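Novice: Numbering (my numbering), first residue to last: 165 to 570. First, the structure itself, so that you have it in front of you.
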C-alpha cells in the first residue's frame, strides 16, 4: 500500500512549524489516523491473501470494494477513519471491530507502536489485552512490516547538496545472530545544512568498522545527493579518514576531543585523573595550534614517564585532533566534540531501555528509526547564532562550497 503523499507532506510541514501543544495534538491526531488506516489496509491484505494491485489478484474470488467511514472515540476526542470493505462482505477488522465505537486505549497502543517499536509478541499481547482475541504472529508481522516500508523510504530519501558539518557516532545493541548474541553498532549521522538546521542523514548497522564499511556509508550519502561535506566530527573511527578522503577529498576531519580525553584517562590512576585532565584541557583550550603543541610538550615532560601512552596517542592523532584550531571560536565549539550525537544516543537508550536484546537487524532498525523520529521532532530551530556562523563558513570555504549566494 502506498502512503498518501498529500498527508505525508502535511505532517512534514507541521513538524517543521510546530510551536505549541495544540499543534502537537493536531499532528498526533493525523498521525493516529494515518497509522490506523495503514494497519486496516494491512489487515485487508492479510484477509484477501494478496496486496493491493498485486499481479496475482485475479486468482482470488474476493476483492476490495471501496471504504466506509467510521467515527471512533479515543482519549483525545473523536476520529473519522475509513474502513476498507471487500465484495463478499466477510472482512471484519480486528483492530476496529464492527459496531465498536469507543476505543479508550487503542490510540496509546498504536502511537506506542509507531514511536517505540514493539516486537511481534508485544503487539500480540496488546491486542489480546484490548480485544480478548488471539491474533497470529504471522498476521501481526504483516501489519508491523508497514514500518519497514517507512524505514526503507527514509533511508533512500534525497538529501541536500551541501552540509557544513556532519557528526557521526555509534550506539551498540545486543543482537541475536546465528544462534549467538553479539554486539552490533548502529552508526548515526547528523548533518548541519547551509540554513543552520540539523538533519538526520541515516543509520547503518555494522559489526566491524573498516575502510570498506565507511566507503559504503559515504557512497550512500553521495548517491542520495550529498555533493560536499565541509567538516566531519567523529570519534576516531577505524578506516574513516581514508574513506572520507576517497569520497569527499575536500572534507576536513575533526576527531572528537572528548573521546580522545576519555581514552587517555583510561590509563590514569584515580588520584591523578583530575590533574592529568586539567593538563590536557590546557592543550585543547589553547588559542592556536602552535601554543597547543607547546603545551603538549609540557604535558609530556610532566606526565610522560608515568603515562607514556597518552602523549604518544595525541601526537599520532594530532593531524585530525588539531583541525578545529583552523577555525574561529564559534565554529570550534560545534565541531570539537560529537556531543550532539551522544545526546541523540542517550535519547535512543531512553526509548529502548526495555530492549536488552533484539532478535535481528530489522528489529534494531525499527527501534532506532522510531526513536530518531521522536528525537528529530524537537529540531525546529536553527543552530544558535547561525547568521554569525554562516559568515565564518563563507569566509573560510567561500560561496561555492557553502552553496550560498550573497
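Glycine is no exception: its CB is placed at the ideal position from the N, C-alpha and C atoms. What you are looking at is a predicted structure, and each value in this text was computed from that prediction instead of being measured.
In or out: residue 270 buried (at least 16 other Cβ within 10 Å) or exposed?
Specialist: Reading the chain shown from its first residue, position 106 is the one you call residue 270. Note that residue 270 has pLDDT 43, beneath the 50 cutoff, so the model's placement of it is unreliable and the number below is only indicative. The residue in question, residue 270, is buried, as its Cβ has 16 or more Cβ neighbours within 10 Å.
Novice: Taking the C-alpha atoms as reference points, what is the distance between residue 550 and residue 410?
Specialist: What you label residue 550 is simply residue 386 of the chain shown in a count that begins at 1. What you label residue 410 is simply residue 246 of the chain shown in a count that begins at 1. The alpha-carbon separation between residue 550 and residue 410 amounts to approximately 30 Å.
Novice: Alpha carbon to alpha carbon, how far is residue 243 from residue 233?
Specialist: Stepping through the chain shown from its first residue, residue 243 is reached at position 79. Stepping through the chain shown from its first residue, residue 233 is reached at position 69. One C-alpha to the other measures close to 10 Å.
Novice: Skipping 5 residues on each side, what residues in its chain have a beta carbon closer than 7 Å to that of residue 359?
Specialist: One-based indexing of the chain shown puts residue 359 at position 195. Taken in chain order, the residues that qualify are 546.
Novice: Taking the alpha-carbon of residue 316 as reference, which of 229, 568, 367 has the nearest alpha-carbon?
Specialist: The count along the chain shown starts at 1 and reaches residue 316 at position 152. The shortest Cα separation from residue 316 among 229, 568, 367 belongs to 367.
Novice: Out of 464, 362, 338, point me to the one whose CA is closest to residue 543's CA.
Specialist: Here the question's residue 543 lines up with position 379 in the chain shown. Ranking the options by Cα distance to residue 543, first place goes to 362.
Novice: Among 426, 433, 470, 492, whose alpha-carbon lies nearest the alpha-carbon of residue 450?
Specialist: Walking along the chain shown from the start, residue 450 turns up at place 286. Comparing Cα-Cα distances from residue 450 to each of 426, 433, 470, 492, the minimum goes to 492.
Novice: Taking 7 Å as the limit between beta carbons, can you name the residues of its chain near residue 539, skipping five residues before and five after?
Specialist: On the chain shown, position 375 is the one that residue 539 refers to. Here the set comprises 508, 511.
Novice: Indicate whether residue 528 and residue 522 have their beta-carbon atoms separated by less than 8 Å.
Specialist: Counting from one through the chain shown, the residue named residue 528 turns up at place 364. Counting from one through the chain shown, the residue named residue 522 turns up at place 358. Yes, the pair counts as a contact, with Cβ atoms nearer than the cut-off.
Novice: Near residue 467, which residues of its chain fall below 7 Å by C-beta distance, leaving aside the five closest residues on each side in sequence?
Specialist: Reading the chain shown from its first residue, position 303 is the one you call residue 467. Result list for residue 467: 440, 443, 474, in chain order.
Novice: Taking only the alpha-carbon atoms, compute the straight-line gap between residue 155 and residue 335 and give it to the nearest angstrom.
Specialist: Residue 155 cannot be examined here, being either before or after the span of the chain that is shown, 165 to 570.
Novice: Please report the straight-line C-alpha distance between residue 383 and residue 489, rounded to a whole angstrom.
Specialist: Here residue 383 refers to the residue found at position 219 when the chain shown is read from its first residue. Here residue 489 refers to the residue found at position 325 when the chain shown is read from its first residue. About 28 Å.
Novice: Where does residue 351 sit, in a helix, a strand or coil, going by DSSP?
Specialist: By 1-based counting over the chain shown, the position of residue 351 is 187. Strand.
Novice: Give the C-beta separation of residue 226 and residue 250 to the nearest angstrom, bearing in mind that I take them to be a contact with Cβ-Cβ under 8 Å.
Specialist: Residue numbering aside, residue 226 sits at position 62 when the chain shown is read from its first letter. Residue numbering aside, residue 250 sits at position 86 when the chain shown is read from its first letter. Confirmed, about 5 Å.
Novice: When you compare only the Cα positions, how much space is there between residue 247 and residue 194?
Specialist: Locating residue 247 in the chain shown gives position 83, counting from the first residue. Locating residue 194 in the chain shown gives position 30, counting from the first residue. Approximately 16 Å between the Cα atoms of the pair.
Novice: Examine the Cβ distances between the stretch 394–405 and the stretch 418–428 and report whether three or more of them are shorter than 8 Å.
Specialist: yes
Novice: Which of helix, strand or coil does DSSP assign to residue 320?
Specialist: Translated into positions along the chain shown, residue 320 becomes position 156. Looking at residue 320 - three-state DSSP - the assignment turns out to be helix.
Novice: Just to confirm the assignment, what range does the alpha helix (DSSP H) spanning residue 456 have?
Specialist: As a first step, residue 456 must be located in the chain shown, where it is residue number 292. Per DSSP, residue 456 belongs to the alpha helix (DSSP H) from 453–467.
Novice: Taking the CB atoms as reference points, tell me whether residue 348 and residue 379 lie closer together than 8 Å.
Specialist: Locating residue 348 in the chain shown gives position 184, counting from the first residue. Locating residue 379 in the chain shown gives position 215, counting from the first residue. In this structure, residue 348 lies away from residue 379, with their beta-carbon atoms at least 8 Å apart.
Novice: Do you know how far the Cα of residue 558 is from the Cα of residue 568?
Specialist: For the purposes of this step, residue 568 is identified with residue 404 of the chain shown, where counting begins at 1. For the purposes of this step, residue 558 is identified with residue 394 of the chain shown, where counting begins at 1. In this structure, the alpha-carbon of residue 568 lies about 8 Å from that of residue 558.
Novice: The alpha helix (DSSP H) that contains residue 396, what's its start and end?
Specialist: Walking along the chain shown from the start, residue 396 turns up at place 232. Careful: residue 396 lies outside any alpha helix (DSSP H), inside the beta strand (DSSP E) at 392–398.
Novice: Inspect the beta-carbon positions of residue 533 and residue 318 and report whether they are closer than 8 Å.
Specialist: The residue you call residue 533 lines up with position 369 of the chain shown. The residue you call residue 318 lines up with position 154 of the chain shown. Yes, the pair counts as a contact, with Cβ atoms nearer than the cut-off.
Novice: Within the 8 Å Cβ cut-off, does residue 249 reach chain B?
Specialist: Absent here is chain B; the protein component of the structure consists of one chain.
Novice: Any idea which residues DSSP pairs residue 511 with across the strands?
Specialist: Position 347 of the chain shown, counting from 1, holds the residue named residue 511. Under DSSP, residue 511 shares a beta bridge with no residue.
Novice: Just the C-alpha distance for residue 372 and residue 324, rounded to the nearest angstrom, thanks.
Specialist: Counting from 1 along the chain shown, the entry for residue 372 is found at position 208. Counting from 1 along the chain shown, the entry for residue 324 is found at position 160. Cα-Cα distance, rounded: 28 Å.
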